[in-house]
Amino acid sequence: MVLTFVSSFFLSLFQQLIDGLTLVCFAALALMKFKERIEIDPFGALVNWGELSHCSWSGVVCSHDGRVVILNLRDLSLQGTLAPELGNLTHLKSL
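Throughout the sequence shown, residue numbering follows this note's numbering, covering 1 to 95 in sequence.
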């Protein structure tokens, strides 16, 4: 019985880890799709996008669990179209 409880606990913990990593991957992918549609980035604001964690990218603010909550690209003179994948950022509160 104890073994079953311990196994269940670790399985649940592992599933939470996988779910968290999946969210992070989808967030990074959505942001990269957005970057692909930017035709003009006169200040090079998106140059570091694609490096390290998406939470460290210019203009991206994440919650403690890696979910994008703010995308602040104001006054950067970016030109392009919005990627539909931005809709996958379900915790985005400010764009």
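A virtual CB, placed ideally from N, CA and C, is assigned to each residue, including glycine. Model, not experiment: these values are computed from the prediction.
Taking 9 Å as the cut-off, the beta carbon of residue 82 is found closer than this to the beta carbon of residue 34.
If only uninterrupted beta strand (DSSP E) runs of at least 3 residues are considered, those enclosed by the segment 15-88 are 38-40, 60-62, 68-71.
Within the same chain, 42 come within 6 Å of residue 77 by CB-CB distance, once the 5 residues on both sides are set aside. About 6 Å separates the beta carbons of residue 68 and residue 92, which is inside the 8 Å limit, making them a contact pair. The Cβ-Cβ distance between residue 29 and residue 88 falls below 9 Å. Around the beta carbon of residue 64, a 10 Å sphere encloses fewer than 16 other beta carbons of the protein chains shown; the residue is thus reported as exposed. Here residue 32 really is in contact with residue 50; their C-beta atoms are around 6 Å apart, less than 8 Å. Cβ contact annotation for residue 72 (same chain, cutoff 6 Å, sequence separation greater than five): 59, in chain order.
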